[in-house]
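In the working numbering, the protein residues as written are 58 to 414.
Just so you know, even glycine gets a beta-carbon here, dropped at the ideal spot from N, CA and C.
In this text the structure is predicted, and so the values were computed from the model without any measurement.
See below:
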């Protein structure tokens, strides 16, 4: 049975109003080196304190550091040298390094950075970093941080990394935790919710806006969260590349996939509710939920499938499954709140990239 990676990131948020102030905006510019499987990136984060208490620190997730060695909290929890399915890990580690961390006015914050282990005190774990600011961010105020980072992707594990020329890139950039008020989730005082990366975990972060520029070799295809809004050619000496710009609003993460066009194909389609919602399902939803057909009307969604060239003949079946999922979950759980759904069927050898991201 084929497994997919879905880039939908927070499906059930259709009830969030447009007037809600999202705490965070990300602008990221990153380049993939497919030979070394390494990322070079810059990042601008604008964080707004939407709580009722000031804070003079920011906490970051550095998730790729979970794959920096066999003594990290993630790898200890996985069991010695095994993946989720129990087979051996090929020792190709990954990591994230912050090269620069500054306020918008140029103030250097890197000397103020410390690594924290709030869950287990494991001194070999570097997945959480704390940065002390020059002064508090008051309720309603914002702070803008500029980062330069480098990241090494691991051999594919736990839905991120590389396998040959295929790259699935999830949890790859320095990302803020969530600043919570006292009383939230049993907290006795306001503070940052920023846990270490564990094998059995869900990723918790604020919904926000993303604008991400991805630079890849000219012959690479890309699938990503959000919508592609721009593309431009880049020439550096003999190297020919292209930069694709994606925007994504009301999401709490950004994931992407990149691979050569001779390895992966792109098949595009759509979910048309007038065509793709089975009448018996609609009737059952009306009966069980007490809604009219107008109440249950679903929006159209563009479908974009990245599939191995050797499996293109299966694309119609994969897309049919996506349409049926959109119909069923849309009727009984809520409409998909984004204009596009991107699906990735990993090639043979990259099965650890499958899942939901």
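Taking the C-alpha atoms as reference points, what is the distance between residue i and residue j?
i           : j           : result
residue 257 : residue 389 : 28 Å
residue 243 : residue 235 : 15 Å
residue 142 : residue 217 : Residue placement at residue 142 cannot be trusted, given a pLDDT of 49 that sits under 50; what the coordinates show is reported in the next sentence. Cα-Cα distance, rounded: 15 Å.
residue 297 : residue 338 : 49 Å
residue 285 : residue 128 : 39 Å
residue 196 : residue 246 : 15 Å
residue 79  : residue 295 : 42 Å
residue 404 : residue 226 : 15 Å
residue 220 : residue 288 : 26 Å
residue 438 : residue 158 : No answer is possible for residue 438: it lies beyond the span of the chain, which begins at 58 and ends at 414.
residue 306 : residue 270 : 15 Å
residue 394 : residue 352 : 15 Å
residue 241 : residue 274 : 45 Å
residue 421 : residue 115 : With the chain covering 58 to 414 only, the question about residue 421 has no answer from this structure.
residue 153 : residue 350 : 49 Å
residue 310 : residue 87  : 15 Å
Starting from residue i and walking both ways along the beta strand (DSSP E), at which residues does that stretch end?
i           : result
residue 335 : Run containing residue 335: none; DSSP gives neither H nor E here.
residue 315 : 313–317
residue 266 : 265–274
residue 116 : 112–118
residue 399 : 397–401
residue 250 : 248–250
residue 238 : Note, residue 238: premise wrong, no beta strand (DSSP E); not H, not E.
residue 304 : 296–308
Looking at the strands, I want to know which residues DSSP matches up with residue i.
i           : result
residue 206 : 98, 155
residue 357 : Answer is none; residue 357 lacks a bridge partner.
residue 216 : None; residue 216 has no bridge partner.
residue 84  : 101, 268
residue 170 : 188
residue 199 : 105
residue 122 : For residue 122, which the question treats as bridged, DSSP gives no partner whatsoever.
residue 293 : 296
Check the C-beta distance from residue i over to residue j and give it rounded, since I have them as a contact under 8 Å.
i           : j           : result
residue 254 : residue 117 : At roughly 12 Å, the Cβ-Cβ gap does not stay under 8 Å, so residue 254 and residue 117 are not in contact.
residue 186 : residue 160 : Not quite, the Cβ-Cβ distance comes to about 16 Å (not below 8 Å), so this is no contact.
residue 323 : residue 361 : 7 Å
residue 380 : residue 348 : That pair is no contact at about 21 Å.
residue 208 : residue 95  : 7 Å
residue 210 : residue 151 : 5 Å
For the alpha helix (DSSP H) containing residue i, list its first residue and its last residue.
i           : result
residue 3   : Because the chain here runs from 58 to 414, residue 3 falls outside it and cannot be looked at.
residue 93  : Looking at the DSSP string, residue 93 is not in any alpha helix (DSSP H), and its letter there is neither H nor E.
residue 130 : 130–135
Three or more C-beta pairs below 8 Å linking the region 368–375 and the region 307–317: In this structure the region 368–375 does not touch the region 307–317; the number of beta carbon pairs closer than 8 Å is below three.
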